[in-house]
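Protein chains in written order, with the working numbering: chain A, 1 to 725; chain B, 1 to 102; chain C, 1 to 506.
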Amino acid sequence: MATETLIWLVPLPPLLAFFLIVLFTNKSKALSHSIAVGAAFLSWLAAMLIFAAALGREHLGEDPFTSQINWLPTGDTFLKIGVMIDPLSAVVLFFVGWTVLMIFLYSVGYHNFGQPAGDHDHKGLPPHGATVTDEHGHKHTVLSIEPMYSRFFAFIGLFAFGMYTLVVSDNLLTLFVGWEIMGLCSYLLIGFWFAKPSARAAAIKAFMTTRVGDVFMLMGVAYLYSMTGTLSYRAIFYNEEVLHHLATTAAPLFGMSAAGLIGLLLFIGTVGKSAQWPLHIWLPDAMEGPTPVSAMIHAATMVSAGVYMVIRIFPLFTADWDHHSLTTTMSIIAFIGAFTAIFAATIAVAQNDIKKVLAYSTISQLGFMIAALGMGAYIAAAFHLVTHAFFKALLFLGSGSVIHGMEHGVMHTGDHHVDPQDMWNMGGLRKKMPITFWTFLIGGFALSGFPLVTAGFWSKDEILADAFAHGHWAILATLSIAALMTAFYTMRQITLTFFGEPRTKEAEHAHETPWTMTTPLVVLSVFAIGYGWLGIPEHFPGLGGIVPNWFHEFVGGTLIHHPEAVAFHWEPLAISLVVAFGGLGLGWVVYKDVKAGQPDPLEKPLGPLYPFLKNKWYFDEFYTYYVVGPMTWVSEVFTFQWMDRGVIDGIIHSVAQLAPAIGSFLRNWFDKPVVNELIGDGSAAVFQWLGHQLRFIQTGRLQAYLISAVATFLVVGAALYYFGF
Amino acid sequence: MIPLSWYLFLSAALFCIGLYGVLARKNAIAILLGVELMLNAVNINLVAFWRYLDPTQMGGQVFAIIVFAVAAAEVAVGLSLVISIYRTRGTVVADELDMMKW
Amino acid sequence: MNFLLQPLTLVTFFPLLGVLALVFINGEQKNTIRWTALGTALVTFVISLWAFFFSGQFNPANGDLQLVAKYDWIMVAGWNIRYYIAADGLSVMLILLTTFLTPIAILSTWKAVEDRVKDFMMFFLMLEVGMLGVFVAQDLFLFYIFWEFTLVPMYFLIGIWGGPNRLYAAVKFFLYTMAGSILMLLAILWLGVNQGTFSVPDLVAKGGIPVDIQFWLFWAFTAAFAIKVPMWPLHSWLPDAHVEAPTAGSVILAGVLLKMGTYGFLRFNLPLFPEAAVAAAPTIATLAVIGILYGAAVSYSQKDVKKLVAYSSVSHLGFVMLGMFALNSQGIQGAILQMINHGLSTGALFLLVGMIYEQTHTREIKVYGGLWKITPVFGTLMLIVALSSMGLPGLNGFVGEFTILLGAFGSVAYGSYWYAMLSAIGVILAAIYILYMFQKMFLGPAGEITHHHEIKDLNLREIITLLPLLVFIFWIGLYPAPFFNLMAPAVEKLLIPFQAVLMAAH
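Written as structure tokens, this is what we have:
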């Protein structure tokens, strides 16, 4: 079938899986996961076919695969929606397809398919273990299957649908639709174990924080639409006149051009979605969700969607860039990116939960990408996006594998107070879980930018090279320090987890996880190593030029004007090597001899800085006090009690009381005394007196009446006779 | 023929006697007798006028017959009322039937 | 005979046949009464569908009034009052919404009302006549009659079958609405007497009302409609009325009665007083934005779930007013669509709340909790409806809100982006209170009620009641084009005089 039709079909299998599981196969675990993984496989297949077709087409950037339909009638035209695959969406589709499939497969093992149902497991809480009796009559506690198994696959199916929709979309509206659906799914999945209060709180936090960003994004979309009359990428981002028009129209705020303001508003959406400072607070809490969710949200899909969107709107906010000094919008973007990179890195250094380190590392790496975009380094940012997706997904899934192994240990010893996610309880796991170890090492090295053999090196180096080449010294310095810290905390994590001797009994009893979990790790590590070689800069000493810089050529075609390759300088390369080796080495040295029960070697030297970092610079507390508190006050006290009850209803009630007041005044001062008493009772009294006087006439005797009748007749008759009628 | 006026005097006299009976007699039945006298006086009046003024017209006779019928009905009702009162009150003296007194 | 077979007359007055039938049924035979009422409402719905889609007399591509029935009525002493009813793209969806929601509301109240069922159903059907009359009336006098006519059954519905504080709520509702209507009556009388006719199309065609008088007339009409919508600050009757009303009453109050206010703006204020409308647009927009934010803020602090939904109506209808007075095609179309969406979503919310209230007789949010485990179907449906209310893309609320935002953003009448920007904040706030409600009631640990009551999941009748609403929630969200096509030409026609007026004003 035509590629265009195939593109429409890419998001559908996971959506179908969602409905099938929710409506029909909820009860059967095997059927549910088969449908889900099968759907992920179909989407993967379609994605690969499309990618192959995209590789084959000449000048994909000028002539992408597109297809539209009419959706919303607006006046006499239609707002069209459709799909488009250009070079950027092709590479994104590639990594989304792979990571989603791997995560779906991993989830089967992660949720302990094949294990018995737990002894005390409830829906809404993580599984707690089941007691089995083996053939010798010994009782063991083993991992139990997740009670809400099918529901999980339904939700991640919906999630995948949202992401695919976003990737294949050709306009900002359906991007926003996919964006919001992913927001919904992140709420459902972070709060998956909904009986845990921390999970519920984290889900709401995630949804709200991203919503704040989304609203600004919506304003940006509305503004863009009002200026251009369309939301289609081709019509705006690939159209010189429209971009020029936007760049030269002044916006009502801050002295920016319309392009700049719209870019900024849309960027705020990414600040929320990709957890940049100051809307980063939701991401670490989102670790409450099961690990595949963390991998999905924080590596493969959701946060990447934020960066993808900024890359997509790159032509817009660079429309008024003269390629020398950064515009206001770009400076803001670069600042937020760089600051976030270093800010998150500092916090990661002081975290003890294996997933939290990765969470902050994600925030930090996204900061790198955002900073790159702020500087105008289009290709570098896109490259890092793709490589990061692979190695971060690998790291998250690896951490899940580690946690699983630790949980085996916890089941074995029966001590549920030991936190299987705390790195201080681990140690020496490289012998117990070799596959996990090697793949995690590869991922960690990629994250740190280990030279030449890891993808992370190539992409991170390009960002630093771009900063250097264009003279953005502050950003270069910030990102370099962040890179150093990245390598440091990564090696800290690897050392604490895998090297040395097991620090607890649980770590001693850990063992490797099943193939459904380790296979995805291996697959992803292949990409974590190999993908980098697709983007070797041309002038790189030695290796450059052997393999063409395919990534640059291919993705560069997305823009109207192919970006130039950055000239090679040895300084940024040196910096990369120094920070990578330095950080890794330092991390190894400081942590290799850590024993059980020891405090973190960093605690003493950092002093008061350590708790500051550990508590995430106290941002959550700040927000609770200064944002949530006032909002609740405004809602409860100001608007409800004062305004609504007090003022508005007070006025109504006063009016309502005015009427009876007037009424009772009139009654007491006029109605009663005058009308009732004077006129009413008075006239009654007169007649009563009259009656009293005349009552003697009533004798009750017939003849008396007759006599008076006759007498009256005679008198009246005489009067009439004599005085006429 | 005797003049019309003699009949009229007769009927007037009878009427006054009847009226006196109604107004002054104590016994309720006597009052009814007085009423009968008045009605018959009226009849004499009617017939006299008929005979003397326009004998061909039916009106006078018819009217007289109607008065007879009414008088008979009225006496029947009146007497039964008097009997009822006698049964409940034990008296037919008009002055003693003063329940409608104030 | 011709008079009766005229489609709109038939639609409007058919429920009276139901009322007549009910008169003769013994009050003890509750099921017969219920089925009769339901049957009448369903037949009315079918007739309305026939009138608009199958009778061949209604063509949405034509923006004019169609299905006209016009008869002279009271033509004495210079007063030209006619029985004049018609429908066009502006009102077709509202008429269909009314005939659609009434059987659903009746079905929902099958077990909820056990005493005086006959009176309840009679009032309900009379209410339907009133509502339909409001939407089809083209003569001001006739409109006023129908408008006031809806107050009486609603007053009784709240006052007899309502909650503990029902008398206060019913009286407040009645007096408040009537107060506004009186002002409107004055304006109607002025128009009818001065312009020589009470028929709206004739008045519009005649035009020529001096601008300063237009101002007063506009605000007199606005008084009545703004109370009905309800616009801030005239909204305080709504929470009490909604909380105390029985479920079916709330559904129809939120679903249809509130739309009478917004419809009034659309049908009367805009065409009759264009200059005044343009001049008033920023003021109305300001009130609308305040309503959006205020309604959302107050919703969040509610302890009673029905009150929460009631205040959310204030917020949602603020969006409608914002869209309407943007005075452009997108704004008005978005506003009309959002009227329908609100009717569906909020109607569904009240239905769901009513369903659980029937079992537990409490509406306090904090005594619930953990409902999703016990009643997964109820939870899922509530989630979908809540998301629709919140404007999640893919569901109906988003299409309306988005179109309104587009309209408000580019509106010449407003001339400023700020209205749209501020109202976008309302979108965040909506998410907050809706998710808070969902979280507290469905997730988390079981509250007292969930523990002590044996709560059953939705039964078949309840699911059938909700299903049609869900179908439309998804349909409008995914493929809204047919709905837009129904109203677009009429909206274009409405806007024609505004091009000139807006040019002149700006």
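We treat Cβ as the ideally placed atom computed from N, Cα and C, and that holds for glycine.
Cβ closer than 7 Å: which chain D residues qualify as neighbours of residue i?
{"i": "GLN439(C)", "result": "Protein chains A, B and C are contained in the structure displayed, whereas chain D is not."}
Please classify residue i as buried or exposed, where buried requires at least 16 other C-beta atoms within 10 Å of its C-beta.
{"i": "ASP240(C)", "result": "buried"}
{"i": "GLU180(A)", "result": "buried"}
{"i": "GLU454(C)", "result": "exposed"}
{"i": "HIS298(A)", "result": "buried"}
{"i": "THR291(A)", "result": "buried"}
{"i": "MET485(A)", "result": "buried"}
{"i": "ILE2(B)", "result": "exposed"}
{"i": "TYR618(A)", "result": "exposed"}
{"i": "CYS16(B)", "result": "exposed"}
{"i": "GLN338(C)", "result": "buried"}
{"i": "ARG695(A)", "result": "exposed"}
Alpha carbon to alpha carbon, how far is residue i from residue j?
{"i": "VAL11(C)", "j": "TRP669(A)", "result": "53 Å"}
{"i": "MET121(C)", "j": "GLY27(C)", "result": "11 Å"}
{"i": "PHE221(C)", "j": "PHE325(C)", "result": "15 Å"}
{"i": "TYR518(C)", "j": "GLN359(C)", "result": "The structure shown has nothing for residue 518(C), since chain C only spans 1 to 506."}
{"i": "ILE475(A)", "j": "ALA371(A)", "result": "8 Å"}
{"i": "ARG645(A)", "j": "ILE652(A)", "result": "10 Å"}
{"i": "ASP134(A)", "j": "HIS140(A)", "result": "8 Å"}
{"i": "GLY60(B)", "j": "VAL70(B)", "result": "15 Å"}
{"i": "MET1(C)", "j": "PRO246(C)", "result": "Confidence at MET1(C) is low in this model, with a pLDDT of 47, below 50, so the placement of that residue should be treated as unreliable; the coordinate-derived value is given next. Computed Cα separation, rounded: 38 Å."}
{"i": "ALA76(B)", "j": "GLY21(B)", "result": "19 Å"}
{"i": "GLY96(C)", "j": "SER181(C)", "result": "The question names Gly, but residue 96(C) in the sequence shown is Leu. Approximately 25 Å between the Cα atoms of the pair."}
{"i": "ALA169(C)", "j": "GLY444(C)", "result": "33 Å"}
{"i": "ARG57(A)", "j": "PHE95(A)", "result": "19 Å"}
{"i": "GLY130(C)", "j": "LEU67(C)", "result": "19 Å"}
{"i": "THR249(A)", "j": "PRO87(A)", "result": "30 Å"}
{"i": "LEU60(A)", "j": "PRO563(A)", "result": "15 Å"}
{"i": "ASP121(A)", "j": "TRP193(A)", "result": "12 Å"}
{"i": "HIS451(C)", "j": "ALA195(A)", "result": "15 Å"}
{"i": "VAL590(A)", "j": "ASP620(A)", "result": "30 Å"}
Tell me, please, whether the CB atom of residue i is closer than 8 Å to any CB atom in chain C?
{"i": "ILE181(A)", "result": "yes"}
{"i": "ARG312(A)", "result": "no"}
{"i": "ALA195(A)", "result": "yes"}
{"i": "PHE161(A)", "result": "no"}
{"i": "VAL523(A)", "result": "no"}
{"i": "LYS123(A)", "result": "yes"}
{"i": "SER226(A)", "result": "yes"}
Please report whether the beta-carbon of residue i lies at a distance below 8 Å from any beta-carbon of chain A.
{"i": "ALA544(C)", "result": "An answer regarding residue 544(C) cannot be provided, because it is not within the stretch 1 to 506 covered by chain C."}
{"i": "LEU23(B)", "result": "yes"}
Item to check | Residues, ordered as in the chain, of the region 671 to 688 of chain A that lie near chain B by beta-carbon distance below 9 Å | outcome: Of all residues in the region 671 to 688 of chain A, none places a beta-carbon less than 9 Å from a beta-carbon of chain B.
Checklist entry - Three or more beta-carbon pairs under 8 Å between the region 21 to 35 of chain A and the region 168 to 179 of chain A, yes or no? => result No, the region 21 to 35 of chain A does not touch the region 168 to 179 of chain A.
Checklist entry - Mind listing which residues of the region 615 to 638 of chain A have their C-beta closer than 7 Å to chain C's C-betas, in chain order? => result So the close ones are VAL634, SER635, GLU636.
Checklist entry - Closer than 8 Å, Cβ to any Cβ of chain A: which residues of the region 417 to 440 of chain C, in chain order? => result For chain A, the residues of the region 417 to 440 of chain C that bring a beta carbon within less than 8 Å of one of its beta carbons are TYR417, ALA420, MET421, ALA424, ILE425, VAL427, ILE428, ALA431, ILE432, LEU435, TYR436, GLN439, in chain order.
Next on the checklist: Any contact between the region 195 to 207 of chain C and the region 174 to 182 of chain C? By contact I mean 3 or more CB pairs, one from each, below 8 Å.
Outcome noted: Contact between the region 195 to 207 of chain C and the region 174 to 182 of chain C is absent, because fewer than three Cβ pairs lie under 8 Å.
Next on the checklist: Whether or not the region 218 to 233 of chain C and the region 282 to 292 of chain C are in contact is what I'm after, with contact meaning three or more pairs of Cβ atoms, one per stretch, closer than 8 Å; do they touch?
Outcome noted: These segments touch.
Next on the checklist: Closer than 7 Å between beta carbons: that is the criterion. Which residues of the region 691 to 706 of chain A meet it against chain B?
Outcome noted: Going along the region 691 to 706 of chain A in chain order, one finds ARG695, GLN698, THR699, GLY700, ARG701, LEU702, GLN703, LEU706 with a Cβ nearer than 7 Å to chain B.
Checklist entry - Can you find at least 3 beta carbon pairs, one from the region 256 to 265 of chain A and one from the region 345 to 355 of chain A, that sit closer than 8 Å? => result No: the two stretches stay apart, fewer than three of their Cβ pairs being nearer than 8 Å.
Item to check | Members of the region 244 to 255 of chain A that neighbour chain C once the beta carbon cut-off is set at 7 Å | outcome: Going along the region 244 to 255 of chain A in chain order, one finds PRO252 with a Cβ nearer than 7 Å to chain C.
Next on the checklist: Can you pull out the residues from the region 282 to 299 of chain A whose beta carbon lies closer than 7 Å to at least one beta carbon of chain C?
Outcome noted: Of all residues in the region 282 to 299 of chain A, none places a beta-carbon less than 7 Å from a beta-carbon of chain C.
Item to check | Segment contact flag, the region 438 to 452 of chain A with the region 390 to 408 of chain A, C-beta cutoff 8 Å, min 3 pairs | outcome: Verdict: yes, contact present.
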